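Last residue of the sequence shown? That's 579 in the numbering used here, and every number before it is there in order.
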Amino acid sequence: MSILIKTIRIAGFRGLENIEIALEQTTILTGMNNTGKTSFLKALQLALGNRQFVTQDDFFIPGNSVSEKIIIDLLIVPINDDGKRGEDFSEDWEILFTIDRIRNDDTGNSFVPLRTIITFDAIKNSYKTQQFILQNWPELKQDDVNWFDIDNGNKTSFYFDEVPFFYIEAQRDILEDIKLRNSYLGKMLSKIKYSKEAIKEIEAQIESLNEEAVSSSDILSNIKTTLKELDTAMDTRSEGIEITPFTKKIRDLNKGLTIYYTDQKEPFPMEYHGMGTRSWSSLLTLKSFISLRSINAQKDQSVFFPILAIEEPEAHLHPNAQKKLYGQMDAIAGQKIISTHSPYIAAAAKLGQIRNFYKDETVTCGKIEIDSLTNEEIRKINRQVINTRGEIFFSKVIVFFEGDTEEQALPIFAQKYFNKTPVEMGLDFVGVGGHKSYLPFLRFAENLHIPWVILSDAEPDAVRWVDKHFKNCQTPKNKNDVVVFLDTGNDFEGQLVSDGFTDEIKQAIASFDVYKNEQHRDAKEQERLKEISEFSKEKLYKIITEDKTKYGPAIAEQIIQSNKDLPPKVIDLFSKIAAILKMQEAEA
């Protein structure tokens, strides 16, 4: 039996005004930059690790005032070997935590409710940290009383060697680890021990190796002979000069340590490798460090539960390496909380491990409630959403639609309307592959707190399915605020024809005509343009629907160049996006 930080609550820290997040044994934090992922990891460090980094800027600033204190609550629970919550802590954990820290809920389940409070001590001109054990684990908000207003309970301390906290920042380099004695690699190297017999044997081998290296080299032999003249100038009882190309004493082995990676049978020192390999190696040395501590704990028959906060493990690594890295991190003992901007790591994780941060007026964090989904629904989200469109973990707003033409045309229209690229806005356009396929995408976005809108075809069957999926995704949103249907009976191509963009469609069709040379163009172009100009609406519709990805962007560009207003339904869609992003219509 082990333990788990099941829930963490944070109030008044950096951009986190009031937030609660449930954790797993491995938790993946996703979301755009500056949404609070690093702040969350730092809050965990405040509760369990080093607190020396605290400054006035770490206190949340509501309006023109500054929060007086930072409050961090952790709910620590026992878990069984299968990862499920247990009723009681094991005897070893009970002895470690003591009954003063352990509480029981109404059903008899044990837990440790740890509170950490950081305030500024004006007398000492420094920041003061106090820890408490709450009497219970309060509701997030009950009868207008917030969790952080509940009585602090009994004062305590919560620092155990058996529950070490490791914070691994995004900037990692094994070459730096080798140099620093306080790095995880440095700590392991400093504890290398051999028996007296082994030391004697190894040092004898090193001495023999040094002698052979010097005697076999004319240069080293000459240097040694010349340096012996030092005896004539110094009043010492020297026993001679030694040149040691190799470390002479076992205790100095770590000082000259060099790590080589063999690439296609050719070894290269770590200095020759890029930052990806060096960053990855640094993480793996931490894994080794934790593994050694775990082995020692087993030998001592003591409990051991490390907690790791890891920032951006994907730094400098290619996609396949990122996928492999997730498995290596997941296998590390203890509890891991990993922040990432990698869709590959997010896709490699289990659906229930993902927590997505989104920043609007406040920071919120969403998760997919897998217990409420069937296995088939989970499979659809993984297959249709995460495995194909992993970038939407990091969206500001997602636009869902059905067809290929929309996927090509809408980003072009958006840049014209907003005068910004969709990338600048964090706007992602996602085709769901037909009107029957919206639900997995809606559940994904809704559960992860990512705002979304729909531009839907308006054939009767499409309208019926969209209405059904909107209801089944259980969103509190008003449908009129997030769903735009085209005119009755239309798909997107038909809507462009109905809106009177036939000239632009004809120009787009003509733009793909190819002529052998200028003479051929002069002879045939006018005849071809006359032919296209006589195309009926029905024929135009047929042509552009037969090759949507070809004509979609061309039609959009022709509409932009015509200086006409954008299609009304597109304007309606973009106005809803502007409202979500709190943009002024003037800016739009």
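Even glycine gets a Cβ: it sits at the ideal position worked out from N, Cα and C.
For clarity, every value in this text was computed on a predicted model and none was experimentally measured.
request  = Would you kindly work out how many angstroms separate the C-alpha atoms of residue 142 and residue 128, rounded to a whole number?
outcome  = 11 Å
key: Runs of alpha helix (DSSP H) wholly within the stretch 253 to 321 (minimum 4 residues, chain order)   = 266 to 290 and 310 to 321
ask   = Which full runs of the beta strand (DSSP E) of 3+ residues lie inside the stretch 346 to 418, going along the chain?
value = 354 to 357 and 388 to 392
key: For residue 303 and residue 499, believed in contact at Cβ under 8 Å, the rounded distance   = So it is not a contact: roughly 43 Å between Cβ atoms.
inquiry  = Considering only their Cβ atoms, is the gap separating residue 523 from residue 545 smaller than 7 Å?
reply    = no
key: Exposure of residue 575, with buried meaning 16 or more beta-carbon neighbours within 10 Å   = For residue 575, the predicted model reports a pLDDT of 45, less than 50, meaning its position is unreliable; a value from the coordinates is still stated below. It is exposed - the Cβ of residue 575 has fewer than 16 other Cβ atoms within 10 Å.
ask   = Between residue 557 and residue 5, what straight-line distance do the alpha-carbon atoms span, to the nearest angstrom?
value = 42 Å
query = Can you tell me whether DSSP reads residue 173 as helix, strand or coil?
reply = coil
ask   = What is the residue span of the beta strand (DSSP E) that residue 118 lies within?
value = 117 to 124
task = Return helix, strand or coil for residue 150, following the three-state DSSP convention.
result = coil
request  = Specify whether the stretch 83 to 92 and the stretch 13 to 21 touch according to this definition: at least 3 beta carbon pairs, one from each stretch, less than 8 Å apart.
outcome  = no
ask   = residue 213 lies in the alpha helix (DSSP H); which residues open and close that run?
value = 209 to 218
ask   = Of all the options 233, 204, 207 and 383, which has the alpha carbon lying nearest to the alpha carbon of residue 218?
value = 233
request  = Would you kindly report the start and end of the unbroken beta strand (DSSP E) that includes residue -3?
outcome  = -7 to 4
query = So the alpha helix (DSSP H) residue 565 belongs to, where does it begin and stop?
reply = 559 to 571
inquiry  = Rounded to whole angstroms, what is the Cα-Cα separation between residue 579 and residue 562?
reply    = Residue confidence is low: residue 579 scores 43 on pLDDT, short of 50, so the model does not pin down where it sits. No coordinate-derived value is stated.
inquiry  = Going by the DSSP bridge assignment, what does residue 102 pair with across the sheet?
reply    = 94
ask   = Is there a Cβ from chain D that is less than 7 Å from the Cβ of residue 80?
value = Of the protein chains in the structure, only one exists, and it is not chain D.
task = On a CA-only basis, which of 530, 495, 415 and 509 is nearest residue 554? Give me that one, please.
result = 495
inquiry  = For residue 548 and residue 403, what's the separation of their Cα atoms in angstroms?
reply    = 7 Å
query = Using the rule of at least 16 other Cβ atoms within 10 Å of the residue's Cβ for burial, across every protein chain shown, is residue 113 buried or exposed?
reply = exposed
7 Å Cβ cutoff met for residue 443 and residue 436 = yes
ask   = Based on Cα-Cα distance, which residue from 455, 541, 339 and 284 lies nearest to residue 176?
value = 284
Residues of its chain near residue 96, where Cβ-Cβ distance is below 8 Å and the 5 sequence neighbours each way are ignored = 102, 127 and 128
task = Could you name the residues of the same chain whose beta carbon sits closer than 8 Å to that of residue 385, not counting the 5 residues immediately before and after it, in chain order?
result = 21, 22, 23, 332, 334 and 417
inquiry  = The beta strand (DSSP E) that contains residue 549, what's its start and end?
reply    = From DSSP, residue 549 is part of no beta strand (DSSP E) but of the alpha helix (DSSP H) over 539 to 552.
Rounded straight-line distance, which links the Cα of residue 466 to that of residue 474 = 12 Å
message = If you reduce the DSSP assignment to three classes, tell me which class residue 451 lands in.
response = helix
Minimum C-alpha distance to residue 99 - residue among 79, 91 and 118 = 79
request  = Please name the residue or residues paired with residue 112 in a DSSP beta bridge.
outcome  = 117
inquiry  = Looking at the secondary structure, which residues open and close the beta strand (DSSP E) in which residue 9 lies?
reply    = 7 to 13
key: Presumed contact (8 Å Cβ cut-off) between residue 306 and residue 330, rounded CB distance   = Incorrect: roughly 11 Å between the Cβ atoms, too far for contact.
query = Count the other CB atoms within 10 Å of the CB of residue 470; is the residue buried (16 or more) or exposed (fewer)?
reply = exposed
ask   = Cα-Cα, which of 59, 107, 56 and 70 is closest to residue 33?
value = 107
Residue burial classification, residue 57 (beta-carbon count within 10 angstroms, cutoff 16) = exposed
task = Could you name the residues that DSSP lists as bridge partners for residue 583?
result = Given that the chain is displayed from residue -8 to residue 579, the structure contains no residue 583 and the question cannot be resolved.
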